[in-house]
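Colleague:
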Amino acid sequence: MEFPILSVITWTPFISALIIMAFARHRPLMVRLVGVIGSSITLVLAVWLYFAYDHTANGFQFQESFPLVPSLGIHYQLGMDGWGLVLVLLTAIILFAGSFASWTVKTRGQEFYALLLLLVTGVFGVFVSLDLFILFLFYEIAVLPMYLLIAIWGSSGEVLPQGVFGWAFKRTGVGTKEYAAMKLTLYLLLGSAFILVGILALYTAAGSTSFSLLDLQQVKFDPALQSWVFLFFYVGFGVLAGIFPLHTWSPDGHASAPTAVSMLHAGVLMKLGAYGVLRLGFGLTPDGALQWAWLVGGIACINIVYGAFSAMSQKDLKYVVAYSSVSHMGIVMLGMATLTEQGVNGSVFQMVAHGIMTGLFFALVGLVYEKAHSREIFKMGGFATMMPGIATAFVVGGFSSLGLPGTAGFVAEFLAFLGAWQSAHSWWLFPGVTGAFLTAIYVLRVAKQIFFGPKSEDPHFQNLPDAQGTEWVALVFLTCILVLFGVFPSLMVGPIDTATVSLLARMGVMQ
Amino acid sequence: MNSLGPLSLEIGLGLLMLVVLLLGIFRPAVRDRRSGWVALSGLLILIEMSFAAAPGATLFGGSYVVDALALFAKRLFLVSAAISVLATLSLPSERFARRGAEYHFALLSSLLGMLVLASARDLILLFVAFELMSIPLYFLTGFQKMEDTAAEGALKFFLVGSISSAIFLYGLSFLFGATGSTDMAAIAPAMAQGNVLAKFGLVVALAGLGFKIAAVPFHMWVPDTYEAATTPFVAWLSVAPKAAGFIVIFRLYLEGASGAALVWVPLVSALAVLTIVAGNLMAIPQTNVKRMLAYSGVAHIGYMLMGLAAMSASGVGMVLFYLVAYMFGNMGAFLVVQAVGTSEGSEAMSAYRGLAQRSPVLALSLLVFLLSLGGIPFVAGFWAKLFIFRAVVDQHMYGLALLGAVATIVALYYYLVLGRRMYVEEPEKKTPVAVPGPLFLAILICAIGTVVMGIYPEPWVQSVMAAARGLF
Chain A
1 MEFPILSVIT WTPFISALII MAFARHRPLM VRLVGVIGSS ITLVLAVWLY
51 FAYDHTANGF QFQESFPLVP SLGIHYQLGM DGWGLVLVLL TAIILFAGSF
101 ASWTVKTRGQ EFYALLLLLV TGVFGVFVSL DLFILFLFYE IAVLPMYLLI
151 AIWGSSGEVL PQGVFGWAFK RTGVGTKEYA AMKLTLYLLL GSAFILVGIL
201 ALYTAAGSTS FSLLDLQQVK FDPALQSWVF LFFYVGFGVL AGIFPLHTWS
251 PDGHASAPTA VSMLHAGVLM KLGAYGVLRL GFGLTPDGAL QWAWLVGGIA
301 CINIVYGAFS AMSQKDLKYV VAYSSVSHMG IVMLGMATLT EQGVNGSVFQ
351 MVAHGIMTGL FFALVGLVYE KAHSREIFKM GGFATMMPGI ATAFVVGGFS
401 SLGLPGTAGF VAEFLAFLGA WQSAHSWWLF PGVTGAFLTA IYVLRVAKQI
451 FFGPKSEDPH FQNLPDAQGT EWVALVFLTC ILVLFGVFPS LMVGPIDTAT
501 VSLLARMGVM Q
Chain B
512 MNSLGPLSLE IGLGLLMLVV LLLGIFRPAV RDRRSGWVAL SGLLILIEMS
562 FAAAPGATLF GGSYVVDALA LFAKRLFLVS AAISVLATLS LPSERFARRG
612 AEYHFALLSS LLGMLVLASA RDLILLFVAF ELMSIPLYFL TGFQKMEDTA
662 AEGALKFFLV GSISSAIFLY GLSFLFGATG STDMAAIAPA MAQGNVLAKF
712 GLVVALAGLG FKIAAVPFHM WVPDTYEAAT TPFVAWLSVA PKAAGFIVIF
762 RLYLEGASGA ALVWVPLVSA LAVLTIVAGN LMAIPQTNVK RMLAYSGVAH
812 IGYMLMGLAA MSASGVGMVL FYLVAYMFGN MGAFLVVQAV GTSEGSEAMS
862 AYRGLAQRSP VLALSLLVFL LSLGGIPFVA GFWAKLFIFR AVVDQHMYGL
912 ALLGAVATIV ALYYYLVLGR RMYVEEPEKK TPVAVPGPLF LAILICAIGT
962 VVMGIYPEPW VQSVMAAARG LF
């Protein structure tokens, strides 16, 4: 038997969490060390996987299988193709950076790290599962700890609800972390209800013998069934991917969550949704996908433009980043809706690029808040002289966000837009490009105000320190990777393409 | 004696009742806990016997059967009663001063009714067993007779319960009129011929049974009754009579009916939808945990009705699985309410603030129960819901499955609100909640059952399917 590398990488965070819960009570340093060591091991393994992976072959590699509930056809079956490879790498990178970014968590740090690592096990599990049932279980593991992570360690917003319905919002608790946590959890579990019914429908339609993705891919389902099951997968996973109008949990949740959780959630978990739509929706119900591609693409266009406009009007820095995620996830969904090789490649590349970029942004927002104790954009100003490191990283992240050549964001957006132009709906290009233009406005405006604008007179904002010690790790690491993938996109596009080609060939849109 | 072998459980239980009663009459004690211990040890022996028994016997010309379903139901009743009696041992003694024997005698006689009910294949025997089960329940609800709420709850329960019994009997009388026989085996052929009287009788009987299982719109008595009665009893009340109601439904509507049972699909689906939606929505605004659990219990009945709506062997099997999962989850939750209620003197949600920091084990158990009730993976309730959905999807009722799945999320909201109280909020005081030994043991049994079923459901699935197949 081969070395079960995928199981090891999936369960390493979980085992770290167990160690933390068992041995590190009242030992904050040990908690952090175990967390960092666990995440470093997964990063090393993910990089090793990248090199061990056969970049020319398509199909699933490193497969493992073990019967779990044989009478129902449930197997613990893992495997990885090009998409899984890059997304596992992304997860490992964000986890590594996130475990350093959480260094300053003070209260109940033991439980915090344990839940964070547990959640990451769920994320890895989804990316490497080949059995839909196991995938669903991992999906739930990835979603549930979020409730506690936000409700206990989150922060309530500073900008209170205003406007005509302000009083109603205040009554429901809009802006508080408890509200955000509950909203996020319920939205995502609502999505999982759709997913579960969709999975069960395919399972029974295929004869109730196997939940395996590989087996279900062989089945030719009835087009009418495919049509609504695809919609279920699209809505179910789409909630997590932040599709309009089901995206509203995302700004609230991401703004309220503690730094590392925002990084992981916006950086990786939202990709879980997009990955689910691509893998299950497009992969298992191709006829449904062809039928509904116009809807997926159309909503993606709304996401891009609407998210960008929303980001522009925010006063809270964290909300700007959160809404920019909504906008950028639109590009991910747009890319896959084009059903072209470039488009789907761009979609997956955008998952990675946006994951790293938004992880970097949330880390930076966390740092700024730590130093200045504020997230209100218009109160701050001229921070670049005091914190040049943070300012530099913010600008690089911003360039990637607006798609400047030389950064990962450029490659992703370029591929996605190219795909849109080649697709049957070439007009999708225009909302896409408009979104990129609007991104430039809100990113540069924020950068100018906070870092390069006139220095704030507020006595709280004088003599703020730059990043220190472990804080540099997340910052430098993520910035470098953003540029690395921008300069050498083939590192990612190569493996992504093998999986894309096999998907499109199976869908019959490409020979 | 040999011909009475299949009745050994009932006879044993009858003897146990006598012992408990005589103990109370001839050896009264000021602080009576002996009757509880006697009842518990007797129940444990009976549980052992029920697991040793083999299905397949028929008595009294077919009016009494011990098939796989009956045996499964009996085990469920006995185990749930044992858990309840175990938890009762820790009730503050004053309430049971001098009256422990009465309490346990009543509980055991209700249990006897259930055991007979599970085996009854004759309408008259069925109704007698039904009443034997119900009447002690009214008495037990009002057991704390000095408290106004107990009297009120008992009276409500009694009035609603007697009316439902009357309606049930009215329905049965139509069945007799249609078939000319009290044998339940005559119902299926009559239904197959499309006999209108039989159909009408069954619809009326369903309303009567609806009161018993507390399906919406027959659920009104549930929250008040639950709130008024002693909690360990409520834990049992919320599970065992409901299970008994479902067994009766299986026997009346499904046994031998095969294709003819499909006529019930629209009615049962409608009941299921109504019960799930109403139960979940009404649970949301509750601030008393017992009332919340009462309404959530109503919603769970809806899920079981949904499994019933599949009208298939897998549907029935999954309802049985759901009942077992529900027994562990719901009883466990009520027992934690008992522990916190005794220690804090309050059943309000606010009593649970910061419980995780005060009594981590208790809080974790309650969380496990709530997650199980909410249908989260790795605990029993997840499989229960999953299997129900699967049975429904198998019959191509996708809409029903989706509604059930979405309603699960609504339910998770109010479970999570309680979870937030325990885990997120800070406690008002740091002292741990005092939990008496027997109660703690009962909670632990429920928690272990919930987790084991969640991690390894395979053997449970096998046994419920074996029980369900006999009906078809």
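Heads up: the sequence lines are chains A and B, in that order. Read left to right, the first sequence gives residues 1 to 511 (my numbering). Read left to right, the second sequence gives residues 512 to 983 (my numbering). The beta carbon of each residue, even a glycine, is placed where N, CA and C say it ideally should be. Quick caveat, the model's predicted, so the values are computed rather than measured.
Throw me the rounded Cβ distance for the Leu600 of chain B and Met695 of chain B pair, which I believe falls under 8 angstroms.
Modeller: The Cβ separation is near 39 angstroms, so there is no contact.
Colleague: My understanding is that Ser401 of chain A touches Ser310 of chain A, with C-beta atoms under 8 angstroms, so please give their C-beta distance in whole angstroms.
Modeller: Their Cβ separation, rounded to whole angstroms, is 15 angstroms, which puts Ser401 of chain A and Ser310 of chain A out of contact at 8 angstroms.
Colleague: Please look up how many angstroms separate the CB atoms of Val277 of chain A and Met336 of chain A, rounded, as I've assumed it's under 8 angstroms.
Modeller: 7 angstroms
Colleague: For Arg25 of chain A, count the other beta carbons within 10 Å of its own beta carbon; 16 or more makes it buried, fewer makes it exposed. Which is it?
Modeller: When all chains shown are included, Arg25 of chain A counts as exposed.
Colleague: Count the other C-beta atoms from every protein chain shown that fall within 10 angstroms of the C-beta of Tyr424 of chain A, then say buried if there are 16 or more, exposed otherwise.
Modeller: Contrary to the premise, residue 424 of chain A reads as Ala rather than Tyr in this sequence. So Ala424 of chain A counts as exposed.
Colleague: Check the Cβ of Ser189 of chain A against every Cβ in chain B and list those closer than 7 angstroms, keeping chain order.
Modeller: Note that residue 189 of chain A corresponds to Leu in the displayed sequence, not to Ser. Ile920 and Leu923, listed in chain order.
Colleague: Confirm, please, whether the CB-CB distance from Gly343 of chain A to Ala416 of chain A is below 8 angstroms.
Modeller: yes
Colleague: For Val219 of chain A, is the classification buried or exposed, using 16 other Cβ atoms within 10 angstroms of its Cβ as the cut-off for buried?
Modeller: That one is exposed.
Colleague: Considering only DSSP beta bridges, list what Leu78 of chain A is partnered with.
Modeller: A:Glu64 and A:Ser129
Colleague: According to a CB-to-CB cut-off of less than 7 angstroms, which residues of the stretch 113-140 of chain A neighbour chain B?
Modeller: Leu137 and Glu140
Colleague: Sorted by chain position, which residues of the same chain lie with C-beta nearer than 8 angstroms to Val847 of chain B's C-beta, five sequence neighbours on each side aside?
Modeller: Leu873, Ser876, Leu877, Phe880 and Ile954
Colleague: Could you work out which residues of chain B lie near Tyr147 of chain A, taking near to mean beta carbons separated by less than 7 angstroms?
Modeller: Per Cβ cutoff of 7 angstroms: Leu927.
Colleague: Looking at the secondary structure, which residues open and close the beta strand (DSSP E) in which Tyr575 of chain B lies?
Modeller: Tyr575 to Val577
Colleague: At a CB-CB cut-off below 8 angstroms, which residues of chain B make contact with Ile152 of chain A?
Modeller: Tyr934 and Val935
Colleague: Where DSSP assigns a beta bridge to Asp466 of chain A, which residues make up the other side?
Modeller: Beta-bridge analysis with DSSP links Asp466 of chain A to no other residue.
Colleague: Could you check what DSSP says for Asn791 of chain B in three-state terms: helix, strand or coil?
Modeller: helix
Colleague: Would Ile94 of chain A and Ala46 of chain A be called neighbours here (beta carbons separated by less than 8 angstroms)?
Modeller: no
Colleague: Can you name, in chain order, every residue of its own chain whose Cβ lies under 7 angstroms from the Cβ of Ser825 of chain B, other than the five neighbours on each side?
Modeller: Ala902 and Asp905
Colleague: Mark Ile536 of chain B as exposed unless 16 or more other C-beta atoms lie within 10 angstroms of its C-beta, in which case mark it buried.
Modeller: exposed
Colleague: Counting only beta-carbon atoms, is Val69 of chain A nearer than 8 angstroms to chain B?
Modeller: yes
Colleague: Using a threshold of 8 angstroms, state whether the C-beta atoms of Ala592 of chain B and Leu628 of chain B are closer than that.
Modeller: no
Colleague: Sort out for me which residues DSSP pairs Val69 of chain A with in a bridge.
Modeller: A:Ile74
Colleague: Give every residue of the same chain whose Cβ lies closer than 7 angstroms to the Cβ of His55 of chain A, excluding the five residues on either side of it in the sequence, and list them in chain order.
Modeller: Gly494 and Pro495
Colleague: For Cys301 of chain A, count neighbouring Cβ atoms within 10 angstroms of its own Cβ and tell me buried if that reaches 16, exposed if not.
Modeller: buried
Colleague: In angstroms with no decimal places, state the Cα-to-Cα distance between Val261 of chain A and Val321 of chain A.
Modeller: For Val261 of chain A and Val321 of chain A, the gap between their C-alpha atoms comes out near 14 angstroms.
Colleague: Taking 8 angstroms as the threshold (C-beta atoms), are Leu534 of chain B and Ser552 of chain B in contact?
Modeller: no
Colleague: For a cutoff of 8 angstroms on Cβ pairs, would you count Val197 of chain A as touching chain B?
Modeller: yes
Colleague: Can you grab the Cα-Cα spacing for the pair Val229 of chain A / Trp427 of chain A, in whole Å?
Modeller: 27 angstroms
Colleague: Could you tell me whether the Cβ of Met512 of chain B comes closer than 8 angstroms to any Cβ of chain A?
Modeller: For Met512 of chain B, the pLDDT reaches just 36, beneath the cut-off of 50, and the residue's location in the model is therefore unreliable, although a value from the coordinates is still provided. Not an interface residue.
Colleague: Candidates B:Met731, B:Ser870, B:Leu914 and B:Ser861: which alpha carbon is nearest Arg931 of chain B's?
Modeller: B:Ser861
Colleague: Starting from Ala568 of chain B, trace the beta strand (DSSP E) both ways and give me its first and last residue.
Modeller: Ala568 to Leu570
Colleague: For Leu429 of chain A, I'd like the list of residues in its chain whose CB is within less than 6 angstroms of its CB, leaving aside the five on either flank, ordered along the chain.
Modeller: Phe417, Ala420 and Trp421
Colleague: Could you name the residues of the stretch 478-497 of chain A whose beta carbon sits closer than 8 angstroms to any beta carbon of chain B, in the order they occur along the chain?
Modeller: none
Colleague: Looking only at C-alpha atoms, which of B:Ala699, B:Ile522 and B:Gly516 sits nearest to Val774 of chain B?
Modeller: B:Ala699
Colleague: Interface residues of chain A around Ile887 of chain B at Cβ under 8 angstroms?
Modeller: Glu140 and Leu144
Colleague: Let's test the definition: count the other Cβ atoms within 10 Å of the Cβ of Arg479 of chain B and tell me whether it reaches 16, buried, or not, exposed.
Modeller: No answer is possible for residue 479 of chain B: the residues shown for chain B start at 512 and end at 983.
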